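K.L.:
My structure is below; once you've seen it, I'll send some questions.
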Amino acid sequence: AFENCWNLASITIPNSVNSIKDKAFSGCHSLTSITLPNSVDSIGWGAFSDCCNLTSMTIQNGITSIGKGSFVDCCSLTSITIPGSVDLIGEDAFKGCEDLVCVIIDNGVTSIGEGAFYDCTSLTSVYCKATTPPTGDYSMFSEDDYRYVSKPIGCKIYVPRNSVEAYKSAEGWKDYADDIVGYDF
8 AFENCWNLAS
18 ITIPNSVNSI
28 KDKAFSGCHS
38 LTSITLPNSV
48 DSIGWGAFSD
58 CCNLTSMTIQ
68 NGITSIGKGS
78 FVDCCSLTSI
88 TIPGSVDLIG
98 EDAFKGCEDL
108 VCVIIDNGVT
118 SIGEGAFYDC
128 TSLTSVYCKA
138 TTPPTGDYSM
148 FSEDDYRYVS
158 KPIGCKIYVP
168 RNSVEAYKSA
178 EGWKDYADDI
188 VGYDF
C-alpha cells in the first residue's frame with residue numbers, strides 16, 4: 008500500500024484496520040514513529056522492513072502475531088515492548104535493528120522465530136516474562152562473528168526468578184545460559 012513511500016513521515020492507522028499486510032510500509036525511510044490501534048491483530052511479512060528512521064513503535068494489546076521480517080533493518084529503533092496478546096514473534100522479525108537496546112517480551116509469547124533478534128548488536132537487555140520458556144532457536148539473540156559463525160550477542164536475558172533453570176535447559180535458550188538472569192517482574 009505505502010511500500011517505498013520515501014517521504015511518508017507519519018501515519019495514523021484507523022481503528023477499522025485489523026491487519027498490517029505484507030510489505031505495507033516497507034522502505035518508508037522517512038517514517039519515524041507509528042502506533043498501531045487495538046483493532047490490529049497481525050503484522051505481516053516485512054510490513055515495516057527497512058524503515059531506517061523508525062525510532063518509536065507502539066504495539067497495542069490485541070496483536071497476536073508479528074510476521075517474518077516485520078521490522079528487518081529498522082536500524083533506528085531503540086526499544087520495543089511485545090504485549091501479552093502476541094503469541095508468535097516471527098523468524099527474523101527484528102533482524103538487523105542495530106540500535107535496539109531493550110526488548111520487553113510479555114508472558115503471552117509462546118514462540119520466538121529463528122533469528123528474531125539476529126544482528127541487534129546494541130541489544131543489552133531482554134526481559135522475557137513467560138514462566139515457561141517460549142520455543143526458540145539458538146540464533147534468536149545472535150550475531151555473526153568474523154568467521155560468519157553465529158554467536159550470542161551477550162545481552163542479559165531477564166526471566167522470572169523461578170524459571171531460570173527451565174530457561175537454561177530449554178532448547179534454543181540453553182545457548183544463552185550464561186546470560187540468563189532471574190528477575191522479579
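Add 7 to a position in the sequence shown, counting from 1, and you land on the number used in the working numbering. Backbone N, C-alpha and C define an ideal beta-carbon position, used for all residues, glycine too. The structure displayed is predicted, hence computed values, not measured ones.
1) Note down, one range per segment and in chain order, each alpha helix (DSSP H) of at least 4 residues found wholly within the region 119-160.
2) Out of Gly122, Val116, Ser23, which has the shortest C-alpha to C-alpha gap to Lys136?
3) So is Ser146 buried or exposed if we call it buried at 16+ other beta carbons inside 10 Å?
4) Have a look at Asn25 and Leu95 and give me their C-alpha separation to the nearest angstrom.
5) Could you check how far apart the C-beta atoms of Asp113 and Gly91 are, in whole angstroms? I think they sit under 8 Å.
6) Between which residues of its own chain and Ser63 is the CB-CB distance below 6 Å, once the five residues before and five after are set aside?
7) Which residues share a DSSP beta bridge with Lys163?
8) Note down the Cα distance separating Cys81 from Glu178, rounded to an integer number of angstroms.
9) Which residue wins for smallest C-alpha separation from Trp13, given the options Ala123, Asp57, Trp52, Asp151?
10) Is the distance from the Cβ of Asp99 to the Cβ of Lys75 below 8 Å?
11) Hey, how far is the Cα of Val133 from the Cα of Gly122?
12) Which residue's Cα is closest to the Cα of Lys181: Asp191, Leu84, Pro141?
13) Put Val47 into one of helix, strand or coil per three-state DSSP.
14) For the region 59-86, list the beta strand (DSSP E) runs that are entirely contained and at least 3 residues long, ordered along the chain.
15) Cα separation between Asn22 and Pro44?
16) Compare the beta carbon distance of Ser37 and Asn60 with 8 Å and say whether it is the shorter of the two.
P.N.:
From the atom records:
1) none
2) Residue mapping note: residue 136 aligns to position 129 of the sequence shown, counting from 1. It is Val116.
3) Here residue 146 is taken as the residue at index 139 of the sequence shown, counted from 1. Buried, by the Cβ-count rule.
4) Position 18 of the sequence shown, counted from the start, is the residue given in the question as residue 25. Position 88 of the sequence shown, counted from the start, is the residue given in the question as residue 95. Near 17 Å, if we compare the C-alpha coordinates of Leu95 and Asn25.
5) By one-based count along the sequence shown, residue 113 stands at place 106. By one-based count along the sequence shown, residue 91 stands at place 84. Right, their Cβ atoms sit about 4 Å apart.
6) Position 56 of the sequence shown, counting from 1, holds the residue named residue 63. If we look at Ser63 and ignore the five residues flanking it on each side, its Cβ neighbours are Ser40.
7) Position 156 of the sequence shown, counted from the first residue, corresponds to residue 163. Partner(s): Ser132.
8) Position 74 of the sequence shown, counted from the start, is the residue given in the question as residue 81. Position 171 of the sequence shown, counted from the start, is the residue given in the question as residue 178. C-alpha separation (whole angstroms): 28 Å.
9) In the sequence shown, residue 13 corresponds to position 6, counting from 1. Trp13 has its Cα closest to that of Asp57, out of Ala123, Asp57, Trp52, Asp151.
10) Residue numbering aside, residue 99 sits at position 92 when the sequence shown is read from its first letter. Residue numbering aside, residue 75 sits at position 68 when the sequence shown is read from its first letter. The answer is yes: Cβ separation under 8 Å.
11) Translated into positions along the sequence shown, residue 133 becomes position 126. Translated into positions along the sequence shown, residue 122 becomes position 115. Those two C-alpha atoms are separated by around 15 Å.
12) As a working mapping, residue 181 is identified with position 174 in the sequence shown. When each option's Cα is compared against that of Lys181, the closest is Pro141.
13) Here residue 47 refers to the residue found at position 40 when the sequence shown is read from its first residue. Reduced to three states, the DSSP call for Val47 is coil.
14) 63-66
15) Numbered from its first residue, the sequence shown carries residue 22 at position 15. Numbered from its first residue, the sequence shown carries residue 44 at position 37. Approximately 6 Å between the Cα atoms of the pair.
16) In the sequence shown, the residue the question calls residue 37 occupies position 30. In the sequence shown, the residue the question calls residue 60 occupies position 53. Going by C-beta atoms, Ser37 is nearer than 8 Å to Asn60.
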